[in-house]
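Per the numbering used here, residue 20 is the first one in the sequence shown, and the count goes up by one each step.
Single-structure report; data block below.
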Amino acid sequence: MKLAYSPASPYVRKCLAAAMARGIEGQVELWTVPTVDPSLVPVNPLSKVPSLVTAEGQSLFDSPVICEYLDSVGTAPGLFPPPGPARWNALRQQALGDGIMDATQPRRRELTLPQDEGRTSYIAQQQLKVSRALDALEAEAETLGALTTIGEITIACALGYLDFRYANEPWRPGHPKLEAWYAKVVALPPMARTMPPAG
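This is how it looks when you write it as structure tokens:
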């Protein structure tokens, strides 16, 4: 299978971390492209990463769909629990982690544009979403495991992206339990081996 790849994308990192957690990273060929590239259009009409072409030639996007596909490959324990409360919890946590990334990625572009009242308000709204999500994760941090579900992987990637792009807005103050959990999982191979490039 072939994964359209940008090393700074937290969504790509999520897919790679999922593949590593499943022990199938050797089956994933990385196709390095800019974040938006016309050559992606035949694979993904949205022309963005991550996009996956399966061994059978099927195109899949974006990260929740790709990760669920990866979870169907190989024989390792699944990152998506079977139907029931544990599955809904993992999917909810995935949505929360994705939501943090969704609120932070566009902000980088907005900060480079001339600031006006509307843009300032938009940035503040996105910051508030992240702040609320971090508070919610702090409340459940003691229940998080060692990257055994798609929810935990997504949360770890979201926190890593905050470190990578928003080091000037530290998330750790006020979130000691979440900080302690992240310190443990960031050293595990799926996170340690997918660190975005410095700079």
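For glycine and all other residues, C-beta sits at the position ideal for the given N, C-alpha and C.
Buried/exposed call for residue i, threshold 16 Cβ in 10 Å
i	result
T139	exposed
T123	buried
T168	buried
W107	exposed
V84	exposed
D135	exposed
S28	buried
G76	exposed
G179	buried
Residue i versus the options, residue with shortest Cα-Cα distance
i	options	result
I174	N187, V149, E188, P192	V149
A158	E87, L89, E198	E198
G93	G42, P102, A105, S66	G42
L65	N187, M210, D81, G103	D81
W50	E44, P61, N63, S70	S70
N187	Q146, C34, V204, D117	Q146
I119	P209, G103, C86, Y185	Y185
D90	D117, D121, G137, L35	L35
Y30	P102, P104, Q113, G45	Q113
Close beta carbons around residue i, own chain, < 7 Å, minus the five adjacent residues each side
i	result
R212	M39
G164	E171
A109	F99, P100, T168, I169, G170
A155	L115
P192	none
P102	none
Delimiting residues of the beta strand (DSSP E) encompassing residue i
i	result
L71	70 to 72
Y24	21 to 24
W11	For the chain, the structure presents residues 20 to 218; residue 11 sits outside this window and is missing.
Span of the alpha helix (DSSP H) around residue i
i	result
E75	First-last for E75: undefined, no H or E at that position.
L207	Looking at the DSSP string, L207 is not in any alpha helix (DSSP H), and its letter there is neither H nor E.
I142	136 to 159
P192	Unbroken run through P192: none, as it is neither H nor E.
M39	29 to 41
T82	Thr is not the amino acid found at residue 82; the sequence shown has Ser there. From DSSP, the alpha helix (DSSP H) with S82 extends over 82 to 89.
A175	169 to 184
Neighbourhood of residue i by C-beta distance below 6 Å, restricted to the same chain and skipping five residues each side
i	result
N153	For the record, residue 153 in the displayed sequence is Leu; it is not Asn. Contacts found: W190, H194.
R32	C176, T213
E48	K21
Spatial neighbours of residue i in its chain, beta-carbon cut-off 8 Å, leaving aside the 5 residues before and after
i	result
V52	A23, Y24, S25, S58, L59, V68
K196	E157, A160, E161
T73	M20, L79, Y88
P216	P26, A27
8 Å contact criterion, which residue i and residue j should meet: CB distance rounded
i	j	result
L181	L207	L181 to L207, Cβ: 18 Å. No contact.
A37	L98	6 Å
Distance cut-off 7 Å: residue i Cβ against heavy atoms of the ligand GDP
i	result
P69	No copy of the ligand GDP appears in this structure; indeed no ligand is present at all.
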